[in-house]
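The structure appears right after this line, and notes come after that.
In this note's numbering, the protein residues as written are 11 to 98.
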């Protein structure tokens with residue numbers, strides 16, 4: 011159980027780090043819109059972020075509504091809110 015929680019926390023930290031890189035690159039691209047290397051980096055981190063969010067949702071439930079798994083039950087309201095899951 012402890013290993014599972016550690017993996018969950020590590021994945022959450024990874025998602026947070028990758029998301030920070032995306033936001034940082036978006037802000038940079040606001041002032042340097044023709045920097046193709048920065049654009050490539052943004053798409054790279056965006057891909058990593060989307061993959062990690064899908065992995066997290068599959069293992070532990072969605073962090074955002076965009077990664078909710080479509081089925082016949084609205085599970086979003088059945089699980090704890092992200093801030094109630096012990097991340098803080």
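Heads up, the beta-carbon is just placed ideally off N, CA and C, and yes, glycines get one too. Everything numeric in this text was worked out from a predicted model, so none of it was measured.
Return the first residue and the last residue of the alpha helix (DSSP H) that residue i is part of.
i          : result
residue 54 : 46-70
By Cβ distance below 8 Å, which residues in the same chain neighbour residue i in space, the five residues on each side in sequence not counted?
i          : result
residue 11 : In this predicted model, residue 11 has a pLDDT of only 46, less than 50, meaning its place in the structure is not dependable; the value taken from the coordinates is given anyway. Within the same chain, residue 11 has no close Cβ partners at all.
So, is residue i buried or exposed, given that buried needs 16 or more other C-beta atoms within 10 angstroms?
i          : result
residue 53 : exposed
residue 63 : buried
residue 33 : exposed
residue 88 : exposed
Can you tell me the Cβ-Cβ gap for residue i and residue j, rounded? I've got them flagged as a contact below 8 Å.
i          : j          : result
residue 18 : residue 59 : Between residue 59 and residue 18 the Cβ distance is about 17 Å, and since that is not below 8 Å, they are no contact.
residue 30 : residue 66 : Actually they are not in contact, since the Cβ atoms of residue 30 and residue 66 sit about 16 Å apart, beyond 8 Å.
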